Amino acid sequence: MIGAFGFFSPVNFRRYAMFTMMALLLLGLFPLLAQGSAPPPAQLDFAAFREQFTRALTHRDGARMRRLTQAHPQLWRPLVLAWLQEYSRQVVEKDAAGAGQTLLVAATLSRLSRSAFLTRQVQRSRAWTPEQHQRKVEGDENTARIRTAFDQGRYGDVGEWGGATRIAYSGLGDALGESEMLHYLGQADRRLGNYHGARLHHQMALEFARKYGDRLGEGRALIDLGDVCEREKDQEKAMAFYRQALALLRAPEDWPETGRALRQLGDVHVALGNFEAAYRDYRQALRYAQEVGDAAQQAQFHDYLGFCYRRLGDPRRAMEQHRLALEQAARLTDAAPRARAQARAWNHLGLCLVELAEQAMVDQNTREATKLWREALNYEEQARAAAAQVDDRWRLGYVLRTLSLIHRQLGTLLGGEEAVQEYRCALSRAREALEMAEVMQEREWRGLALHYLGLAQGLLGEDAEGLATFREAVALWQELGDLYSLALAHRLRARHFHEPRQRWEEARQDYEQMRLLAARIGDREMEGLALLHLARLSAVQGRADEAGGLYQEGLARLERVRSQAGFLEFKKAFLEKVYHRYEEATLFFLGQRRLEPAFHCMESTKARVFLDQLAEARVNLEKGIAPALKKQRDELERNLARLARELAAAHKEKPLPEPRIADLSARGERLARELEDLKKQIRLQNPLYAAVHYPKPIALTELQQKILKPDEILLEYFLSPQGVYGFAVTTTGCEVIRLADGDRELQEEVLRFLESVQQRAAGSRDFDSSPAQKLYEILLQPFAHLLGERTLIIVPDGILARLPFEMLVVPGKDGPEYLLERIRIKYVQSATVLALLRTQPPRAGVGRRFIGLGDPVYDYENFRRRRPERDGGAGGEGGDPNRSALCQRALAGGINLCRLEGSGAEVAGISRIFQANRHPQAVKLRQEAREEVAKAPAMQQYDYIHLAAHGILNADFQAIVLSQLPASPEDGFLTLGEIMNCKYRAHLVVLSACQTGLGSFTRGEGVTGLTRAVMYAGSPAVVVSLWSVSDEGTKELMVKFYENLIRRGLAKEEALRGAKLNLLAGPLRHPYFWAAFVMYGE
């Protein structure tokens, strides 16, 4: 070995390096590296890989080194870079042994990686003199300072130190160091608003990378150039750069930059309203992070998925992603990255609550809004503390602006002196954000802080100061060329300064600028909102024709965004987000008595996702699923079913094994998320979705001329805080009447009515008809002159979906009578759904084959031993009326559900009707009433399907509960999703279970539940219940219904009406027994 470093000359040093490499060859290590390898090890972090690789080198374990290298391509570059930095430091410190070992491991890894670029960097470093190594160490120390300054938002310092450091690296021929410096210099310029300087630095980095064959550096420079274009709102050019980068980069070797390209491509898609594409890109980036086990990046991409959901209008789903980000952040061992990730997630959680609070304010729910604002404040304060802990100024600026917003909105709710205090807090936080931006020299952040400052000034009555602040912001955005932020400034100034002070023309000029700018950058949502703002101004100024045209143009833009959202859940979330815009337009057209556009606006919000689902059901999408994905989906569904059975069994153990239950629940939630993600992946890759024709809302004239029959009247309701309206449509006319001043009073009346029904459930035999009569007076009496003997088709809205109109009480000559006694009634989710059902191709052949499932086994142990099964006394009039509540508790507690012995008699009685009329029939009772039967392909042969069992209905879980058998491959819960996956070709499906007509509710979309699932599965009509009814009443009603349908040949709605009239004439005359069951569909 050569002597002390103090005696090295440049020539001797190069000889020492060459000796090291020769020693490698003489030791026979390189041949070992070519040997075969076992399966790759689990993913290691940076430190663990370094330790294991070095140990393998020490023990001359070539196979181990090869396996480690192959399994961790994402670590090649950062490790070689770290080792070369350490090598230079050891040379400077004259640590001969350490330098030799470090150079050896760097050379070994670069050779194993087969990266020509890394190999050249090792060779260049080996050739440096000690003086050159000294300059390298100084450059690396400066680089560390520059990274810290960048992370802390001190972009001016980055520019000041970075130029000299880049020159130093250039003199050394250190391509890795110089590439990184060009990246930071360009990124700092971009944040300082110097887009020209940023582009120059990134272009230099691109040419430099191509010259030296640095693939990752080339990809990074392309992403950086795209970032500049994105900031200038040239989205098409930005996407082109990102796609070039993705075509060049390799995952997982280049995965951090691959992930960044996907993330920024996702950002562009969000800005353009292409939420499905954004989800695809963010999700792919998250998969890469999961594959390499990078918790920090997993946290980041969960936050970006949450951002996608929030921008779409689904803050609750967004919060799920941000909580997952917090879980990943907690895994980080280093305090600084952990605090940054937590600050980001808490900040986003606060922003989600801001969205929910703003919606509560739109709904005029002041108490809920105040609660949500305070919860948001708590999250943002946590984010503020975490960001301050690591001096994350970029995040602090974001948080301070959010805090200003929260205090501002709290002030608008509180009023009085409390409001003034909140406005002052908003002003203070905005000033802090502005000061932070000035320290950072971050011009974009300065512009945004000016927005918040101006808004706070306006609320404090500082009109002149606020307008001056916005003029400053407008000038800054014009200078930077940030057209999106410029459009936002015009909108805020118009909405918060000009409109409240009735400066209509100034507001119009600002909104017109907003529209033009949004059109230039291709932001259809912002363009649509600008048009709607202009429409509102025109309406206020009495320019009705102009307002009408603007409303239609604005909603057309929002419709385009909705159509691009892709996934049905995304479409639903977006429509819920902009629902109040459609509501505003509907009310405007109603005020102008323009019924055609009013009807179109109203229909545009009704059951749109359900319409799209029905359209997709017409295409055999299963054929387009790749076999591997289908196999993966089926395996996940089987695993979920198995976990559900294990969880149910664990709940029955005494004492409860709580740790095991928690573990099973967590695994179930994880598998459910995996299944959801997989289904989205299937949706993205299935070419048959391109063949789906999604229906547009039906026009009023088309409904009258092509869909309705002369003996029908469609009564569609529209509920809003500003008024309740009814549209009565026949083939010859349309009449619209304002029925109430607001939906809140109507909701109270409906709830009072439902309470009167439940009085019978509680044991009272009397029926208080006054609520039912009051509702008739509100909802139907104004249209009494149109009803006659027509069939009434009800399109409910909001709370009216829980109301059986048949039991409304009508004043008559001989005293009050139920509406049931006068006319036939059926229900449909929207007029467009009715049109779709009536225009679908007729089913080949009309049969009368019946299958019924009833009296499932819920207490298998007693059933097996032929003992009395657990029974909650649910039979007959004296039975427990709250069966659905028992079901909920049973499911949550893991106990057996009470037996429904009467349901078996119900199915058997119906079966005899088919048998007597010589129609094929199948009866599945007790252990044969299994989930597998209900999901089997053989169900397609039946024309009438009857399911008599318990129902589970809540916002998170909806199912028909069939037999709970331990040997069954299924869990016995026929869920909403499973029903939708079935292929039913029945004319009618009856869900004779607890509250099967209910489900989760969202504005516009209405009730999402088992009713829709059955119609999606292929049945045009379904009978469901709105509350829990006794076995005796259900059996009598259903048997009579099928008698009318099969023996007498009545139409479905008339058969159901006749069955109800039969009960009305007997001892079960109370509407509790006969009014619960309603028919949806055609």
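Heads up, the sequence shown is in the numbering used here, so the first residue is 158 and it goes up one at a time.
Built from N, CA and C at the ideal position, the CB exists for glycine as well.
Treat the numbers as computed from the prediction; the structure is a model and nothing was measured.
Where the beta strand (DSSP E) through residue i begins and ends
{"i": "Tyr-1141", "result": "Premise fails: Tyr-1141 is in no beta strand (DSSP E) and is neither H nor E."}
{"i": "Arg-895", "result": "891-897"}
{"i": "Arg-1083", "result": "1078-1083"}
{"i": "Thr-1132", "result": "1130-1132"}
{"i": "Ile-1008", "result": "1007-1013"}
{"i": "Ala-885", "result": "880-886"}
Exposure of residue i, with buried meaning 16 or more beta-carbon neighbours within 10 Å
{"i": "Asn-1074", "result": "exposed"}
{"i": "Gly-1190", "result": "buried"}
{"i": "Asn-1201", "result": "buried"}
{"i": "Leu-674", "result": "buried"}
{"i": "Ala-1233", "result": "buried"}
{"i": "His-1144", "result": "buried"}
{"i": "His-216", "result": "exposed"}
{"i": "Leu-1221", "result": "buried"}
{"i": "Ile-324", "result": "exposed"}
{"i": "Leu-813", "result": "exposed"}
{"i": "Ser-927", "result": "exposed"}
{"i": "Ile-1102", "result": "buried"}
{"i": "Asn-299", "result": "buried"}
{"i": "Asn-1138", "result": "exposed"}
Identity of the residues DSSP links to residue i by a beta bridge
{"i": "Met-1236", "result": "Val-1180"}
{"i": "Ala-948", "result": "A small fix is needed here, since residue 948 is Thr in this sequence, not Ala. Bridge partners of Thr-948: Glu-869."}
{"i": "Lys-1197", "result": "None; Lys-1197 has no bridge partner."}
{"i": "Lys-983", "result": "Ile-950"}
{"i": "Ile-956", "result": "For Ile-956, which the question treats as bridged, DSSP gives no partner whatsoever."}
{"i": "Phe-1102", "result": "It is Ile, not Phe, that sits at residue 1102 in the sequence shown. Ile-1008 and Val-1146."}
{"i": "Glu-902", "result": "Its beta-bridge partners do not exist; DSSP assigns none."}
{"i": "Ser-642", "result": "Bridge partners of Ser-642: none, in fact."}
{"i": "Glu-477", "result": "For Glu-477, which the question treats as bridged, DSSP gives no partner whatsoever."}
{"i": "Tyr-975", "result": "Val-966"}
{"i": "Phe-875", "result": "Tyr-882"}
Beta-carbon contacts of residue i that lie in its chain and below 6 Å, excluding the five residues immediately before and after
{"i": "Ser-245", "result": "His-290, Lys-293 and Val-294"}
{"i": "Ala-475", "result": "Gly-463, Tyr-466, Arg-467 and Cys-509"}
{"i": "Leu-422", "result": "Tyr-399 and Asp-438"}
{"i": "Val-279", "result": "Ala-263, Ala-264 and Ser-267"}
{"i": "Tyr-436", "result": "Cys-465"}
{"i": "Leu-419", "result": "Asp-438, Gln-441 and Ala-442"}
Spatial neighbours of residue i in its chain, beta-carbon cut-off 8 Å, leaving aside the 5 residues before and after
{"i": "Ala-897", "result": "Gly-880, Val-881, Leu-903 and Ile-935"}
{"i": "Ala-493", "result": "Val-547"}
{"i": "Gly-316", "result": "Leu-342, Ala-345, Asp-346 and Leu-349"}
{"i": "Ile-1067", "result": "Phe-1007, Gly-1009, His-1103, Met-1195, Val-1196 and Tyr-1199"}
Endpoints, the alpha helix (DSSP H) within which residue i is located
{"i": "Lys-528", "result": "523-546"}
{"i": "Thr-1168", "result": "1167-1174"}
{"i": "Asp-702", "result": "701-721"}
{"i": "Ala-325", "result": "312-329"}
{"i": "Glu-389", "result": "Counting along the chain, Glu-389 falls outside any alpha helix (DSSP H), and DSSP gives it neither H nor E."}
{"i": "His-655", "result": "Careful: His-655 lies outside any alpha helix (DSSP H) and carries neither H nor E."}
{"i": "Val-1186", "result": "Val-1186 -> no alpha helix (DSSP H), and no H or E assigned at all."}
Sequence-distant residues of its chain with Cβ nearer than 7 Å to residue i (five each side left out)
{"i": "Ala-366", "result": "Ser-336, Gly-374, Glu-375 and Ala-378"}
{"i": "Glu-512", "result": "Arg-467 and Pro-472"}
{"i": "Glu-760", "result": "Pro-854, Ile-855, Ser-987, Ala-988 and Thr-989"}
{"i": "Leu-1207", "result": "Asn-1201 and Gly-1215"}
{"i": "Gly-1223", "result": "none"}
{"i": "Arg-1046", "result": "Confidence in Arg-1046 is poor, its pLDDT being 41 and thus under 50, which makes the residue's placement unreliable; the coordinate value appears in the next sentence. Within the same chain, Arg-1046 has no close Cβ partners at all."}
{"i": "Ala-696", "result": "Ala-704 and Phe-745"}
Nearest residue (CA-CA) to residue i, options the options
{"i": "Thr-743", "options": "Phe-884, Arg-558 and Asp-620", "result": "Phe-884"}
{"i": "Glu-1210", "options": "Tyr-1101, Arg-981, Leu-1131 and Glu-1088", "result": "Arg-981"}
{"i": "Ser-1060", "options": "Ala-1105, Asp-1100, Gln-1084 and Ala-1095", "result": "Ala-1105"}
{"i": "Asp-314", "options": "Ala-239, Tyr-1099, Arg-348 and Glu-288", "result": "Arg-348"}
{"i": "Gly-453", "options": "Ile-1117, Thr-569 and Glu-484", "result": "Checking the sequence, you will find Ala at residue 453 rather than Gly. Nearest option by C-alpha distance: Glu-484."}
{"i": "Leu-976", "options": "Val-577, Leu-911 and Val-967", "result": "Val-967"}
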